Amino acid sequence: MVADVAQRKLDKLPASPGVYVFHGSDGKVLYVGKARSLRNRVRSYFQAGSSDLRAFVSRLERELTDIETFVTQTDKEAALLENQLIKSHQPKYNVKLRDDKEYLSLRLDAKKRWPRLEVVRRPKPDGAQYFGPYHSATSARQTLRLVNRYFQLRTCTDIEFRMRSRPCLQHQIKRCPGPCVLDIDEVEYHSQVANVARFLDGRHGELVSDLDARMKGASGELEYERAAVYRDQLRAVERAQEEQRVAGVQKSDQDVIGFHRQGDQVEVAVLSMRGGRLFSVRTLPLRRVAVPNDEMLGAFLRQHYTDRTSLPDELLVPVTIEMSEALEELLSENRKRRVRIVEPKRGAKAKLLELARENAEHAFIEKERAREDLEARLEELQRQLRSSVLPRRIECVDISHTGGEETVAVFVALQDGAPAKDRYRSFHVKRVSGGDDYAAMYEVLMRRLRRGKNQEEGWELPDLLVVDGGKGQLKQAIEV
Numbered sequence: 092m093v094a095d096v097a098q099r100k101l102d103k104l105p106a107s108p109g110v111y112v113f114h115g116s117d118g119k120v121l122y123v124g125k126a127r128s129l130r131n132r133v134r135s136y137f138q139a140g141s142s143d144l145r146a147f148v149s150r151l152e153r154e155l156t157d158i159e160t161f162v163t164q165t166d167k168e169a170a171l172l173e174n175q176l177i178k179s180h181q182p183k184y185n186v187k188l189r190d191d192k193e194y195l196s197l198r199l200d201a202k203k204r205w206p207r208l209e210v211v212r213r214p215k216p217d218g219a220q221y222f223g224p225y226h227s228a229t230s231a232r233q234t235l236r237l238v239n240r241y242f243q244l245r246t247c248t249d250i251e252f253r254m255r256s257r258p259c260l261q262h263q264i265k266r267c268p269g270p271c272v273l274d275i276d277e278v279e280y281h282s283q284v285a286n287v288a289r290f291l292d293g294r295h296g297e298l299v300s301d302l303d304a305r306m307k308g309a310s311g312e313l314e315y316e317r318a319a320v321y322r323d324q325l326r327a328v329e330r331a332q333e334e335q336r337v338a339g340v341q342k343s344d345q346d347v348i349g350f351h352r353q354g355d356q357v358e359v360a361v362l363s364m365r366g367g368r369l370f371s372v373r374t375l376p377l378r379r380v381a382v383p384n385d386e387m388l389g390a391f392l393r394q395h396y397t398d399r400t401s402l403p404d405e406l407l408v409p410v411t412i413e414m415s416e417a418l419e420e421l422l423s424e425n426r427k428r429r430v431r432i433v434e435p436k437r438g439a440k441a442k443l444l445e446l447a448r449e450n451a452e453h454a455f456i457e458k459e460r461a462r463e464d465l466e467a468r469l470e471e472l473q474r475q476l477r478s479s480v481l482p483r484r485i486e487c488v489d490i491s492h493t494g495g496e497e498t499v500a501v502f503v504a505l506q507d508g509a510p511a512k513d514r515y516r517s518f519h520v521k522r523v524s525g526g527d528d529y530a531a532m533y534e535v536l537m538r539r540l541r542r543g544k545n546q547e548e549g550w551e552l553p554d555l556l557v558v559d560g561g562k563g564q565l566k567q568a569i570e571v
């Protein structure tokens with residue numbers, strides 16, 4: 092049976108649009124959803140013989156303790172509030188993307204006198220242009236290197252820029268005009284900034300026309316060195332165009348969304364088409380998905396696109412998204428131009444959807460193979476160590492000091508073979524002096540493992556603990 096307090100609220104729900112929040116024990120948020128009619132949607136979870144296929148619905152009766160609702164004036168407001176609450180509470184049963192901090196973007200602030208392109212973790216509402224997100228650090232930094240090589244913006248930080256007294260190596264190899272100390276043409280510099288924005292935004296057609304005109308103009312004025320710079324930029328853009336060309340596609344900006352699902356494991360692929368060319372392919376994992384495909388994809392779109400201003404003309408999706416009009420309105424408002432969500436059934440757009448699905452399936456299979464390979468490696472490590480536990484969580488600890496003073500210990504952690512940086516820890520050794528590594532090891536392990544034994548959040552005990560040192564350090568660890 093549903094908790095009495097929840098049942099009483101079910102009887103008084105309004106028929107207005109809004110957001111509902113299911114709470115479990117200790118007030119923890121289980122699920123956040125939105126609805127055109129709160130009364131109809133929330134009651135549907137608890138009707139006898141409900142055909143709702145969401146995996147978590149069957150668990151609600153034993154987990155639900157309270158229902159909270161928020162009435163909104165419009166569907167758009169409901170979609171926005173739902174997205175904010177999911178990000179804030181990270182509910183157990185909602186679709187969750189990886190934290191934004193795990194992705195990289197490229198930032199370009201054209202308002203500055205001498206802008207630079209830089210890699211950042213998370214976009215801010217500061218008026219700068221952000222390009223991405225890039226789902227691997229390698230691709231973000233490769234793009235940055237390409238831009239720095241051909242478009243000649245400064246690469247130094249603002250502090251380095253202010254402190255510079257003579258041009259750096261980048262100027263000497265003709266990859267920076269040296270605005271830090273030289274009197275250069277500010278208008279020309281900002282034209283390069285505009286070209287960088289076009290290049291990163293996939294607007295290659297207008298960029299090619301502009302570069303071609305500038306190259307011919309410089310050549311006509313007998314400025315052959317400047318013409319050569321434009322020529323190299325033009326070649327770089329044309330190479331990118333050829334690599335991205337897709338036959339039969341309209342010359343508009345589109346993001347094509349495909350996915351592959353096995354049980355509660357989903358891989359989503361996003362194909363970014365710019366001017367009829369394939370600009371980028373990104374894949375993202377969604378794990379422990381407990382909702383149907385249409386709801387999963389709607390949640391993905393809201394989380395992935397709501398906070399972005401660099402948006403395409405169309406989002407092509409393989410299934411119908413509930414309340415898609417509200418999401419279109421929200422995205423269009425952010426972009427300051429119309430954004431459409433389209434579900435094509437035939438033609439070139441449908442073929443693009445199939446291509447996105449194939450990319451998602453390929454990424455899913457590759458990650459599954461990598462997971463199986465990791466399992467085999469962990470099992471081999473378990474066998475070699477003659478351990479009863481598979482070492483999924485591994486921690487390593489090392490002690491360091493300066494001349495016997497300022498002794499510190501650092502723990503690094505691996506979870507399923509990958510660095511778990513949120514679990515890295517450092518300790519200042521308090522009771523030991525004189526560079527006694529053994530006593531320091533004993534102290535920090537006692538402090539760290541006691542917190543795990545007390546089941547403090549974020550301090551779970553590792554399956555395998557590796558200590559840096561010799562038999563003396565190992566002896567201290569065993570004693571602890």
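Residue numbers (our numbering): 92 to 571.
Cβ atoms here follow ideal geometry from the backbone N, Cα and C, with glycine treated the same way.
Just so we're clear, the structure is a prediction, and the values are computed from it rather than from any experiment.
Where does S134 sit, in a helix, a strand or coil, going by DSSP? As a working note, residue 134 is residue 43 in the sequence shown. With the sequence shown as reference, residue 134 is identified as Arg, and Ser is not the correct amino acid for it. Correct three-state label for R134: helix.
For S478, the first and last residue of its enclosing beta strand (DSSP E): Sequence index remark: in the sequence shown, residue 478 carries index 387 (1-based). Looking at the DSSP string, S478 is not in any beta strand (DSSP E), and its letter there is neither H nor E.
Same chain only: Cβ atoms within 6 Å of G269, ignoring 5 sequence neighbours per side: Counted from its first residue, the sequence shown places residue 269 at position 178. Excluding sequence neighbours, G269 sits near P258 and H262.
Straight-line CA distance for V123 to L406? Walking along the sequence shown from the start, residue 123 turns up at place 32. Walking along the sequence shown from the start, residue 406 turns up at place 315. Whole-angstrom Cα-Cα distance: 24 Å.
Do you know how far the Cα of E466 is from the Cα of G508? Along the sequence shown, one-based indexing puts residue 508 at 417. Along the sequence shown, one-based indexing puts residue 466 at 375. Approximately 9 Å between the Cα atoms of the pair.
Cα separation between V337 and T234? Position 246 of the sequence shown, counting from 1, holds the residue named residue 337. Position 143 of the sequence shown, counting from 1, holds the residue named residue 234. Low confidence applies to V337: its pLDDT is 44, below 50, so where it sits in the model is not reliable, and the reading given next is rough at best. Roughly 21 Å separates the two Cα atoms.
Would you mind working out which of Y396, A170, E209 and L444 sits nearest N425, comparing C-alpha positions? For the purposes of this step, residue 425 is taken as residue 334 along the sequence shown, with counting starting at 1. N425 has its Cα closest to that of Y396, out of Y396, A170, E209 and L444.
For Q335, which residues from the same chain have a beta carbon less than 7 Å from its beta carbon, with the 5 sequence-adjacent residues on both sides left out? Within the sequence shown, numbered from 1, the residue matching residue 335 stands at position 244. Unreliable placement is indicated for Q335, whose pLDDT of 43 sits below 50; no coordinate value is reported for it.
Can you say whether H351 is buried or exposed, counting buried as having 16 or more other CB atoms within 10 angstroms of its CB? Position 260 of the sequence shown holds residue 351. Buried, since its Cβ has 16 or more Cβ neighbours within 10 Å.
At least three beta-carbon pairs within less than 8 Å, the region 478–489 to the region 497–506: yes
What residue from E159, A106, S128 and R460 has the CA that sits closest to K573's CA? The requested residue 573 does not occur in the structure, where the chain is confined to residues 92 to 571.
Would you kindly report the start and end of the unbroken beta strand (DSSP E) that includes D346? Position 255 of the sequence shown, counting from 1, holds the residue named residue 346. Its beta strand (DSSP E) spans residues Q345 to Q353.
Pick helix, strand or coil for G124, following the three-state DSSP scheme. Taking the sequence shown and counting its residues from 1, one reaches residue 124 at position 33. Strand at G124.
Between S116 and E152, is the Cβ-Cβ spacing less than 9 Å? Locating residue 116 in the sequence shown gives position 25, where the first residue counts as 1. Locating residue 152 in the sequence shown gives position 61, where the first residue counts as 1. Result no, Cβ atoms of S116 and E152 do not sit closer than 9 Å.
State the Cα-Cα distance for the pair R448 and M387, rounded to the nearest angstrom. To locate residue 448, count along the sequence shown from 1; it is residue 357. To locate residue 387, count along the sequence shown from 1; it is residue 296. About 15 Å.
Check whether the Cβ atoms of A219 and R198 lie closer than 9 Å to each other. Walking along the sequence shown from the start, residue 219 turns up at place 128. Walking along the sequence shown from the start, residue 198 turns up at place 107. Against a cut-off of 9 Å, the Cβ pair of R198 and A219 comes out as a contact.
With respect to the alpha helix (DSSP H) encompassing A500, which residues constitute its N-terminal and C-terminal limits? Start at 1 with the first residue of the sequence shown, and residue 500 comes out as number 409. Taken as a continuous stretch (DSSP letters only), A500 belongs to no alpha helix (DSSP H), being part of the beta strand (DSSP E) at E496 to Q506.
What is the DSSP secondary structure of V361, reduced to helix, strand or coil? Locating residue 361 in the sequence shown gives position 270, counting from the first residue. Three-state result, V361: strand.
Please check the pair S401 and F222, which I expect to be a contact at CB under 8 Å, by giving their CB distance rounded to whole angstroms. One-based indexing of the sequence shown puts residue 401 at position 310. One-based indexing of the sequence shown puts residue 222 at position 131. S401 to F222, Cβ: 6 Å. Contact.
Proximity winner among S524, L104, H114 and S343, relative to A439 (alpha-carbon distances): Locating residue 439 in the sequence shown gives position 348, counting from the first residue. For A439, the nearest C-alpha among the options comes from S343.
Thinking C-alpha only, which one of D355, I348, Q353 and L469 is nearest S363? By one-based count along the sequence shown, residue 363 stands at place 272. The residue with the shortest Cα to Cα distance from S363 is I348.
Range covered by the beta strand (DSSP E) that runs through S371: As a first step, residue 371 must be located in the sequence shown, where it is residue number 280. Element bounds for S371: R368 to L377.
Which whole-angstrom value describes the C-beta separation of R583 and E173, a residue pair presumed to lie in contact below a C-beta threshold of 8 Å? Outside the displayed range of the chain (92 to 571) lies residue 583, so it cannot be described from this structure.
Would DSSP call S55 helix, strand or coil? For residue 55 there is no data in the structure shown, the boundaries of the chain being 92 and 571.
What do you get for L104, buried or exposed, if any count of 16 or more other CB atoms within 10 angstroms of its CB means buried? Here residue 104 refers to the residue found at position 13 of the sequence shown. It counts as buried.
E358 Cβ short of 8 Å to the ligand SAH heavy atom set: Summarising the ligand content, the structure contains no ligands, and the ligand SAH is consequently not present.
Sort P108, R130 and G109 by Cα distance to K100 and report the nearest one. Within the sequence shown, the letter at position 9 stands for residue 100. Of the candidates P108, R130 and G109, the one whose C-alpha sits nearest the C-alpha of K100 is R130.
Residue nearest to L555 in terms of C-alpha spacing, selected from Y529, P482, E457 and S524: Numbered from its first residue, the sequence shown carries residue 555 at position 464. Comparing Cα-Cα distances from L555 to each of Y529, P482, E457 and S524, the minimum goes to P482.
Through-space distance from A288 to R542, alpha-carbon basis: The residue you call residue 542 lines up with position 451 of the sequence shown. The residue you call residue 288 lines up with position 197 of the sequence shown. Roughly 50 Å separates the two Cα atoms.
Buried or exposed by the 16-neighbour rule on C-beta atoms within 10 Å, applied to M254: The residue labelled residue 254 in the question sits at position 163 within the sequence shown. Exposed.
What ranges does the alpha helix (DSSP H) occupy inside the region 275–317, keeping only unbroken runs of at least 4 residues that lie completely in it? 277–291 and 295–311
Specify the secondary structure class of T160 as computed by DSSP and reduced to three states. For the purposes of this step, residue 160 is taken as residue 69 along the sequence shown, with counting starting at 1. Note: T160 maps to strand in three-state DSSP.
Could you tell me the alpha carbon to alpha carbon distance between A201 and E434, rounded to whole angstroms? Translated into the one-based positions of the sequence shown, residue 201 becomes position 110. Translated into the one-based positions of the sequence shown, residue 434 becomes position 343. Rounded to whole angstroms, A201 to E434 spans 36 Å at the Cα level.
Leaving out the 5 sequence neighbours to the left and right, which residues in its chain are closer than 7 Å to Q546 when beta-carbon positions are compared? Translated into positions along the sequence shown, residue 546 becomes position 455. Closer than 7 Å at the Cβ level, and outside the excluded window around Q546, lies no residue.
Closest Cα partner of Q243 within the set V520, V186, Y321 and D355: Here residue 243 is taken as the residue at index 152 of the sequence shown, counted from 1. Among V520, V186, Y321 and D355, the Cα nearest to that of Q243 is on Y321.
Proximal residues to P206 (C-beta, below 7 Å), its chain only, five neighbours per side dropped: By one-based count along the sequence shown, residue 206 stands at place 115. Same-chain partners within the cutoff: L199, D200, L244 and V284.
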